[in-house]
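Colleague: First to last, the protein sequences are chains V and B. Counted from 1, the first sequence has number 379 at position 379 by my numbering; the numbering is strictly sequential. Counted from 1, the second sequence has number 1115 at position 115 by my numbering; the numbering is strictly sequential.
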Amino acid sequence: MTEKKQTTKTTYQLPIGPIHPALKEPVMFEFEIDGERIIDVDVQLGHVHRAIEWTGMRRNPIQIIYLAERICGICSFVHPFAFVRAVENACEIEVPERADYLRVVHGELERICSHMLWAGVAAHEVGFDSVLFLTWEMREKVLDLTEYLTGNRVTKAILTIGGIRRDITKDHIPKIKETMDYLKNNFEKLRKIYLDDKTFKLRSQDCGILTYEDALKLCAVGPTTRASGVKKDVRVDQAYAAYSDLDIDYITPDVLTGEVNGDVYDRIIVRLLEVKQSIDLIEQAIDKMPAGDLVSEPKIPKLLNYIKKTAGEGIGRDEAPRGEVIHYVKFDGEHEEPYTWKVRASTYNNILPWIPMLKGEQIADIPIVAASTDPCMSCTNRVAVVDKNKKYELDKEQLHQLSVKKTLGLMK
Amino acid sequence: MNNGKKELDAEGLVKYFKDEFKTKINSAEIKKRQTGSKKKEFVNIWMKIDKSIFKDVIKHLCEYQFPHLAVVSCSDLGKTIELIYHFSVNFGVRLNEISLNIAVEIPKSKPEIETICDYVPGALITEREKQEMMGVKIIGIPDTRRLFLPDDFPENVYPWRKDEKGMEKMIRNLHEVKK
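1. List the residues of chain B that A51 (chain V) touches, going by C-beta distances under 8 Å, in chain order.
2. Anyone know if the C-beta pair for E283 (chain V) and M180 (chain V) falls short of 8 Å?
3. With a 10 Å radius around its C-beta and 16 neighbouring C-beta atoms as the bar for buried, classify I307 (chain V) as buried or exposed.
4. Pick helix, strand or coil for M289 (chain V), following the three-state DSSP scheme.
5. First and last residue of the beta strand (DSSP E) that includes V1089 (chain B)?
6. So, does the segment 400–407 of chain V touch the segment 351–368 of chain V, judging by three or more C-beta pairs under 8 Å?
7. If the cut is a Cβ gap below 8 Å, which residues of chain B does A239 (chain V) touch?
8. Using a Cβ cut-off of 8 Å (strictly closer), state whether E97 (chain V) contacts chain B.
9. What residue range does the alpha helix (DSSP H) around Y1064 (chain B) cover?
10. Is the beta carbon of A122 (chain V) less than 8 Å from the beta carbon of I268 (chain V)?
11. Mind listing the chain B neighbours of P298 (chain V)? Cutoff is C-beta to C-beta under 8 Å, in chain order.
12. Taking C-alpha atoms, which residue in V:S228, V:E53 and V:P15 lies nearest to E259 (chain V)?
13. Using a C-beta cutoff of 8 Å, does L134 (chain V) count as contacting chain B?
14. Quick one: grab the DSSP three-state call for M1133 (chain B).
15. Determine the direct distance from the alpha carbon of T224 (chain V) to that of G292 (chain V), and round the result to whole angstroms.
16. Using a Cβ-Cβ distance cut-off of 8 Å, determine whether C219 (chain V) contacts chain B.
17. CB-CB under 8 Å to K388 (chain V), same chain, minus the five flanking residues each way: which ones, in chain order?
18. Around the C-beta of L45 (chain V), are 16 or more other C-beta atoms found within 10 angstroms, so that it is buried, or is it exposed?
19. Measure from the C-beta of A1010 (chain B) to each C-beta in chain V and report whether the shortest distance is under 8 Å.
20. What is the rounded straight-line gap between the Cα of V1177 (chain B) and the Cα of I1139 (chain B)?
21. Looking only at DSSP bridge pairs, what is T1035 (chain B) linked to?
22. Can you check which of these residues, B:M1134, B:E1129 and B:G1122, is closest to R1145 (chain B) by C-alpha distance?
23. Checking contacts by CB at 8 Å: is I1125 (chain B) closer than that to chain V?
24. Measuring alpha carbon to alpha carbon, tell me which of V:Q277, V:Y250, V:V264 and V:K177 ends up nearest S204 (chain V).
25. Would P80 (chain V) and G163 (chain V) be called neighbours here (beta carbons separated by less than 8 Å)?
26. What would DSSP say about I355 (chain V), mapped onto helix, strand or coil?
27. Taking the alpha carbon of T1035 (chain B) as the reference point, which residue from V:P356, V:I38 and V:E94 has its own alpha carbon closest?
28. Rounded C-beta distance between A239 (chain V) and F1042 (chain B)? I'm assuming under 8 Å.
29. To which residues does DSSP link R166 (chain V) through a beta bridge?
Right under this line is the structure:
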């Protein structure tokens, strides 16, 4: 019975997904594991491919705005924003100045919501659930403000081609000021937990490293690339909406720590500082907002008829909370519906950077490293560990427990 | 990753390519649009190039500066397929970025194009997508598997095609593909 076990070292496969707790939408990872170390990673996509582009090519541009809004629940402003900008560029439709400023306010509100949501998820991944509730309580205030300004918490239906649909009036200002003050007053608490807490540092420093060269070569976008020191932010790089009028700069981790490591900790720094930057941008936009129209062409049939007769192509790029989003549209000048509509969400470019990040890390680090790019994909239920001969499964809870155990182990 | 070259503006960038490839650059258009109260400009370059120089153009671009590839979009134009490579260059300095859109047309009878993964490794995902969605054969791609479509999706059906290889026929006769 007590026969000596064979100790030949072989690597084994560990599939994670398509459903997983670190991800908000389905994606499939296949890991090659040696003991606790990850040797290689393969990513498989497509579990939630809904043929939105195909559907869009059979609808008119106004209908597509609302379809684009449903690409992602968290980025429900930036997707239609990229789309309307692509149409405005393709058909040379002007946007009133006031609408440019209002677009900034809504875009930044969305960024605060998204980064707060991410911060909560990250805390949950390392087993720090009280922080999850703290961040989401703060996020709730921003969602309330979003509802107050647009009428909806998630799908805001605020954009239209050539402008924006609802104004921010004098009556709205006190509530905006109040929420911004609340966020500023509580920001220090968040900063202390995420950046000074020993447990957080132990789990996030020197973990999931993406080098500057890899970030650039693999075309990473958003906080993922900025945390590796690449200065790339569409809001700063390019003049769009009213960002070119406002005071804004790239946020890289060296702003705070003086060095760039490209690890999970750096990604936390970038996102936290961006929350602060967004609060500042909203205040600037509210202060400087000029009076004027909201849309350049309020009559929708007239607008659609104009688009129908215009042949052209254009791209719309903007900075989503997760990074650059780009939409491409082409109109043939005969049909109302676009001839081509191509959507590229930010996570699309942040898939390949996962591979260098995850290589060499431990299984218990998978949730926090995978979550650190803030993937816009989904929620894991179970993981099957396939050994050479036997197959056993780890469910969401067990994998989460592994991660929590590692945190507790580090704290001893 | 500037390769030590001086940063060029939109006109300079077009000249940089025209000097090298002359008439093989079929057309180059600079589009500028203004935004905000201060009317700051952003610049788009739309360049159509000949298929024969495609790989050299990418190489020439990488020699100037390592570009960011946003995505490759493609349209079925009837007899040809148009691929547009949406790059951006000169980022990292405020309001300095230029969107460079390089379009190349390939015949539908021989829908093939070389991979650019050897210059821009981040192009892999978007190239795999073009293979399965448009039926463009990417020569030399390091990973030939499908990306979004499931493995049991019928062969020779390409969702973005507007011809008989598109999805219209398939979705009307789903019983044939047992979906």
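Ideal Cβ positions, reconstructed from N, Cα and C, are used throughout, including at glycine. All of these numbers come straight from a predicted model, not from anything done at the bench.
Modeller: Once the coordinates are examined:
1. Reading the first sequence from its first residue, position 51 is the one you call residue 51 (chain V). Under the 8 Å cutoff, chain B gives P1159.
2. Taking the first residue of the first sequence as 1, we reach residue 283 (chain V) at position 283. Taking the first residue of the first sequence as 1, we reach residue 180 (chain V) at position 180. Taking 8 Å as the Cβ cut-off, E283 (chain V) and M180 (chain V) qualify as a contacting pair.
3. Taking the first sequence and counting its residues from 1, one reaches residue 307 (chain V) at position 307. Flag for I307 (chain V) reads buried.
4. Working through the first sequence from its first residue, we reach residue 289 (chain V) at position 289. The answer is coil: DSSP assigns M289 (chain V) none of H, G, I, E or B.
5. On the second sequence, residue 1089 (chain B) is found 89 positions in, with the first residue counted as 1. Start and end: T1080 to V1089.
6. yes
7. In the first sequence, the residue the question calls residue 239 (chain V) occupies position 239. Residues of chain B passing the Cβ test: Q1034, T1035, G1036, K1040, E1041, F1042 and L1095.
8. If you number the first sequence from 1, residue 97 (chain V) lands on position 97. Output row for E97 (chain V): interface = yes.
9. Translated into positions along the second sequence, residue 1064 (chain B) becomes position 64. Here the alpha helix (DSSP H) through Y1064 (chain B) covers F1054 to Y1064.
10. Within the first sequence, residue 122 (chain V) is the residue found at index 122, counting from 1. Within the first sequence, residue 268 (chain V) is the residue found at index 268, counting from 1. Against a cut-off of 8 Å, the Cβ pair of I268 (chain V) and A122 (chain V) comes out as a contact.
11. In the first sequence, residue 298 (chain V) corresponds to position 298, counting from 1. Near P298 (chain V) there are no residues of chain B at all, since even the closest Cβ is about 20 Å away, more than 8 Å.
12. Start at 1 with the first residue of the first sequence, and residue 259 (chain V) comes out as number 259. Nearest C-alpha to E259 (chain V): V:S228.
13. Indexing the first sequence from 1 puts residue 134 (chain V) at position 134. No, L134 (chain V) lies away from the interface with chain B (no Cβ there is under 8 Å from its Cβ).
14. Numbered from 1 along the second sequence, position 133 holds the residue referred to as residue 1133 (chain B). Helix at M1133 (chain B).
15. Translated into the one-based positions of the first sequence, residue 292 (chain V) becomes position 292. Translated into the one-based positions of the first sequence, residue 224 (chain V) becomes position 224. Looking at the two C-alpha atoms, the distance is approximately 37 Å.
16. To locate residue 219 (chain V), count along the first sequence from 1; it is residue 219. So, interface residue.
17. Here residue 388 (chain V) is taken as the residue at index 388 of the first sequence, counted from 1. Low confidence applies to K388 (chain V): its pLDDT is 42, below 50, so where it sits in the model is not reliable, and the reading given next is rough at best. Excluding sequence neighbours, K388 (chain V) sits near T10 and Y12.
18. Your numbering for residue 45 (chain V) matches position 45 in the first sequence. Result: buried.
19. Within the second sequence, residue 1010 (chain B) is the residue found at index 10, counting from 1. Not an interface residue.
20. In the second sequence, counting from the first residue as 1, residue 1177 (chain B) sits at position 177. In the second sequence, counting from the first residue as 1, residue 1139 (chain B) sits at position 139. Their Cα atoms are separated by approximately 29 Å.
21. In the second sequence, counting from the first residue as 1, residue 1035 (chain B) sits at position 35. Answer is B:K1040.
22. In the second sequence, the residue the question calls residue 1145 (chain B) occupies position 145. Here the closest residue by C-alpha is B:E1129.
23. As a working note, residue 1125 (chain B) is residue 125 in the second sequence. Chain V, which has a Cβ nearer than 8 Å to the Cβ of I1125 (chain B), makes this yes.
24. Sequence index remark: in the first sequence, residue 204 (chain V) carries index 204 (1-based). Relative to S204 (chain V), the option among V:Q277, V:Y250, V:V264 and V:K177 whose CA is nearest is V:V264.
25. On the first sequence, residue 80 (chain V) is found 80 positions in, with the first residue counted as 1. On the first sequence, residue 163 (chain V) is found 163 positions in, with the first residue counted as 1. Cβ distance not < 8 Å, so P80 (chain V) and G163 (chain V) don't count as in contact.
26. Here residue 355 (chain V) refers to the residue found at position 355 when the first sequence is read from its first residue. Helix at I355 (chain V).
27. For the purposes of this step, residue 1035 (chain B) is taken as residue 35 along the second sequence, with counting starting at 1. Among V:P356, V:I38 and V:E94, the Cα nearest to that of T1035 (chain B) belongs to V:E94.
28. On the first sequence, position 239 is the one that residue 239 (chain V) refers to. On the second sequence, position 42 is the one that residue 1042 (chain B) refers to. Yes, A239 (chain V) and F1042 (chain B) are in contact; Cβ-Cβ is about 4 Å, under 8 Å.
29. Residue numbering aside, residue 166 (chain V) sits at position 166 when the first sequence is read from its first letter. R166 (chain V) is not bridged to any residue.
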